[in-house]
Amino acid sequence: MAKTVIEIKKNSNENNSSILRRFSRRIQESGIIRKVKGSRYNLRKESKLKMKKSALKKMDRRKEIEKLKKLGKMVAK
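Residue numbering for the sequence shown follows our numbering, beginning at 853 and increasing consecutively.
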């Protein structure tokens, strides 16, 4: 994510609450909070290698289960 710098300078006759209000308005307008909240729970995609390995494990496990069912050591559902 690219950094966005938001800078607010205090005017000579401005109090702290109005500075804070201007800052929070500038943050909302920039959309930073919306981006962060939107990407908060997004998960990365698994790598192709990891997906292939898990698929091979599943295939091996299925073969083993079929073998056990044929031998009568596992009850078919």
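Using N, Cα and C, we set each Cβ at its ideal position, and we do this for glycine too.
Asked                                                                                                                                        : Found
Could you please give the first and the last residue of the uninterrupted alpha helix (DSSP H) stretch that includes I879?                   : N868 to S882
Rounded to the nearest angstrom, what separates K909 and S891 at their Cα positions?                                                         : 31 Å
If S882 and I858 are in contact, beta carbons under 8 Å, what's the gap, nearest whole angstrom?                                             : 6 Å
Less than 8 Å between C-beta atoms, sequence neighbours within five positions excluded: which residues of the same chain meet that for A928? : K921
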